[in-house]
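Student: Got a structure for you, questions after.
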Amino acid sequence: MVSEYTQLTQKVTDYDLAATLSSGQAFCWDLTGPNEWRGWIAGNPVSVVRGSDCFRLTGRKLTRDVAARYFQWDTDLAALIKTFPQDEPMRQALAYCPGLRLLRQDPWETTANFICSAMKQIVQIKQINRALRQRFGKEVEPGQWSFPDWRTLAAASEADLRECKLGFRAKHLFHAAWQLTAGEVSLEAVESLPTPEARKELMKLRGVGEKVASCILLFAYGRQDVFPVDVWVRRAIHQLYFPKRRTFTEKQARIFVAKYFGPYGGYAQQYLFHWIRTVGALPPSPRLRG
DNA sequence: TGGCAGGGGTTGA
DNA sequence: TCAACCCCTGCC
415 MVSEYTQLTQ
425 KVTDYDLAAT
435 LSSGQAFCWD
445 LTGPNEWRGW
455 IAGNPVSVVR
465 GSDCFRLTGR
475 KLTRDVAARY
485 FQWDTDLAAL
495 IKTFPQDEPM
505 RQALAYCPGL
515 RLLRQDPWET
525 TANFICSAMK
535 QIVQIKQINR
545 ALRQRFGKEV
555 EPGQWSFPDW
565 RTLAAASEAD
575 LRECKLGFRA
585 KHLFHAAWQL
595 TAGEVSLEAV
605 ESLPTPEARK
615 ELMKLRGVGE
625 KVASCILLFA
635 YGRQDVFPVD
645 VWVRRAIHQL
655 YFPKRRTFTE
665 KQARIFVAKY
675 FGPYGGYAQQ
685 YLFHWIRTVG
695 ALPPSPRLRG
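Heads up: the first sequence at position 205 corresponds to 619 in the working numbering, and the numbers run straight through without jumps.
Below, the structure is given as structure tokens:
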């Protein structure tokens, strides 16, 4: 068993691991010690320790190629950031968290996570992810359950899924798992499709609309131009770029971001989003207002 | 302590 | 275009 585990050290620069793992793109990571995170890559448990200039990884069946693909540490961040718009919000977002990165995650787990994300906060999505593992996953280590594949969920029932705190999302996830099992939609085919067709293919899945499809394309398929627009982003774009407009619809936001943020708009979005969410750069929502 | 409003979305009418 | 869908959180 011990021989299944490998240890790797990887030199990394400009990589804020904590921000990256907690910025709402992945839901399977927990901070377990000073600079130490435990989570999952390609169906296997992994721990990552952030050293001063390196990552020290320990994982079951972990190879450097698999880790490099997941963490995307070869990305030339400086070159990519140069393509961002040179405006004040973007400058502040970049200054706030200079090493934020995009991961490249497993398409199925990402799809399932974001189907479950509708009207849920990050903490709750993590709870659902954990519950699905414990209820339907394989125990690959004592207390460590892998994320269940779609066949397993399709073989369960909607009621079983509801017990994992999914609420009305249980119907969506169950149906999507069933569609994949039946071959109605292929996540593998999405890989080679141009982005508009890839989006259409993903949106055939129940529970996957415009926003969820964008998240899957950005976080699992490496389509870094795709800019998911949710209520937070819409509100942010409204306040930061069009403060004089009385109303600003999601459609208006989508049209604006597609043109304005360039070939790595998805990356830019992650910076803006993380900054807004953690600093509270926007006025609070009406409910939270004093 | 309990009631209540509202939330990172999608669906179907 | 809009209500309905679950359920958790935080406020009062």
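C-beta: ideal position from N, C-alpha, C; glycine also.
Please classify residue 645 as buried or exposed, where buried requires at least 16 neighbouring CB atoms within 10 angstroms.
Tutor: On the first sequence, residue 645 is found 231 positions in, with the first residue counted as 1. By the 10 Å Cβ count, residue 645 comes out exposed.
Student: Under 7 Å Cβ to Cβ from residue 743, same chain only, skipping five residues before and after it: list those, please.
Tutor: Because the chain here runs from 415 to 704, residue 743 falls outside it and cannot be looked at.
Student: Three or more C-beta pairs under 8 Å: does that hold for the stretch 629-647 against the stretch 665-678?
Tutor: Yes: the two stretches touch, three or more of their Cβ pairs being nearer than 8 Å.
Student: Take residue 529 and list the residues in its own chain whose beta-carbon comes closer than 7 Å to its own, dropping the five residues that flank it on each side.
Tutor: The residue given as residue 529 occupies position 115 in the first sequence. Around residue 529: 583, 586, 587, 590, 621, 622, 626.
Student: Closest to residue 608 by C-alpha separation, out of 581, 596, 638, 597, would be which residue?
Tutor: As a first step, residue 608 is located in the first sequence; it is residue number 194 there, counting from the start. Considering only alpha carbons, the answer is 638.
Student: Should residue 435 be listed as close to the ligand MG, given that the test is whether its C-beta is under 7 Å from any heavy atom?
Tutor: The ligand MG is absent from the structure shown, which contains no ligand whatsoever.
Student: Would you decide whether residue 445 is buried or exposed? Buried here means 16 or more other CB atoms lie within 10 Å of its CB.
Tutor: Reading the first sequence from its first residue, position 31 is the one you call residue 445. Classification for residue 445: exposed.
Student: For residue 403, is the classification buried or exposed, using 16 other Cβ atoms within 10 angstroms of its Cβ as the cut-off for buried?
Tutor: As displayed, the chain neither begins before 415 nor continues past 704, which places residue 403 out of reach and without an answer.
Student: From the DSSP output, which residues share a beta bridge with residue 468?
Tutor: Here the question's residue 468 lines up with position 54 in the first sequence. Residue 468 is bridged to 425.
Student: Based on DSSP bridge pairs, tell me the residues matched to residue 420.
Tutor: As a first step, residue 420 is located in the first sequence; it is residue number 6 there, counting from the start. According to DSSP, which records beta bridges pairwise, residue 420 is partnered with 473.
Student: Count the C-beta pairs between the stretch 608-619 and the stretch 498-511 that are closer than 8 Å, then say yes if the count reaches three, no if not.
Tutor: Too few Cβ pairs lie closer than 8 Å, so no.
Student: Just how far apart, CA to CA, sit residue 474 and residue 460?
Tutor: Translated into the one-based positions of the first sequence, residue 474 becomes position 60. Translated into the one-based positions of the first sequence, residue 460 becomes position 46. Cα to Cα, residue 474 sits roughly 7 Å from residue 460.
Student: Give the range of the alpha helix (DSSP H) segment to which residue 434 is assigned.
Tutor: Residue mapping note: residue 434 aligns to position 20 of the first sequence, counting from 1. It spans 431-436 - the alpha helix (DSSP H) in which residue 434 sits, taken as one unbroken run.
Student: Under three-state DSSP, which class holds residue 486?
Tutor: Taking the first residue of the first sequence as 1, we reach residue 486 at position 72. Residue state, collapsed to three classes: coil.
Student: Judging by CA-CA distance, which residue of 594, 476, 691, 468 is the nearest neighbour of residue 453?
Tutor: In the first sequence, the residue the question calls residue 453 occupies position 39. Selected option, being the one with the closest Cα: 476.
Student: The alpha helix (DSSP H) with residue 554 in it runs from where to where?
Tutor: Here residue 554 is taken as the residue at index 140 of the first sequence, counted from 1. Premise fails: residue 554 lies in the beta strand (DSSP E), 553-555, not in any alpha helix (DSSP H).
Student: Please state if the CB of residue 428 and the CB of residue 513 are separated by a distance shorter than 8 Å.
Tutor: Residue numbering aside, residue 513 sits at position 99 when the first sequence is read from its first letter. Residue numbering aside, residue 428 sits at position 14 when the first sequence is read from its first letter. Closer than 8 Å, so yes.
Student: Please list the terminal residues of the continuous alpha helix (DSSP H) segment that includes residue 566.
Tutor: Residue mapping note: residue 566 aligns to position 152 of the first sequence, counting from 1. Residue 566 -> alpha helix (DSSP H) spans 564-569.
Student: Going by DSSP, name the residue or residues bridged to residue 458.
Tutor: The sequence position of residue 458 within the first sequence is 44, counting from 1. 455, per the DSSP bridge assignment.
Student: Note down, one range per segment and in chain order, each alpha helix (DSSP H) of at least 4 residues found wholly within the stretch 584-664.
Tutor: Those alpha helix (DSSP H) runs which fall completely within the stretch 584-664 and span 4+ residues are 601-604, 609-616, 624-634, 645-655.
Student: Using the C-alpha atoms, what's the distance from residue 624 back to residue 698?
Tutor: Sequence index remark: in the first sequence, residue 698 carries index 284 (1-based). Sequence index remark: in the first sequence, residue 624 carries index 210 (1-based). Note on residue 698: pLDDT 47, under 50, position unreliable in the model; the coordinate value appears next. Distance between the alpha carbons of residue 698 and residue 624 is about 25 Å.
Student: From what residue to what residue does the alpha helix (DSSP H) around residue 508 run?
Tutor: For the purposes of this step, residue 508 is identified with residue 94 of the first sequence, where counting begins at 1. From DSSP, the alpha helix (DSSP H) with residue 508 extends over 502-510.
Student: Could you tell me which of 689, 536, 678 sits nearest to residue 492, measuring between CA atoms?
Tutor: Locating residue 492 in the first sequence gives position 78, where the first residue counts as 1. Closest option to residue 492, Cα to Cα, is 678.
Student: Pick helix, strand or coil for residue 497, following the three-state DSSP scheme.
Tutor: On the first sequence, position 83 is the one that residue 497 refers to. Coil.
Student: Sorted by chain position, which residues of the same chain lie with C-beta nearer than 7 Å to residue 422's C-beta, five sequence neighbours on each side aside?
Tutor: Here residue 422 refers to the residue found at position 8 of the first sequence. Correct list, in chain order: 471, 476, 478, 481.
Student: What is the rounded straight-line gap between the Cα of residue 666 and the Cα of residue 531?
Tutor: For the purposes of this step, residue 666 is taken as residue 252 along the first sequence, with counting starting at 1. For the purposes of this step, residue 531 is taken as residue 117 along the first sequence, with counting starting at 1. Taking the straight line joining both Cα atoms gives about 23 Å.
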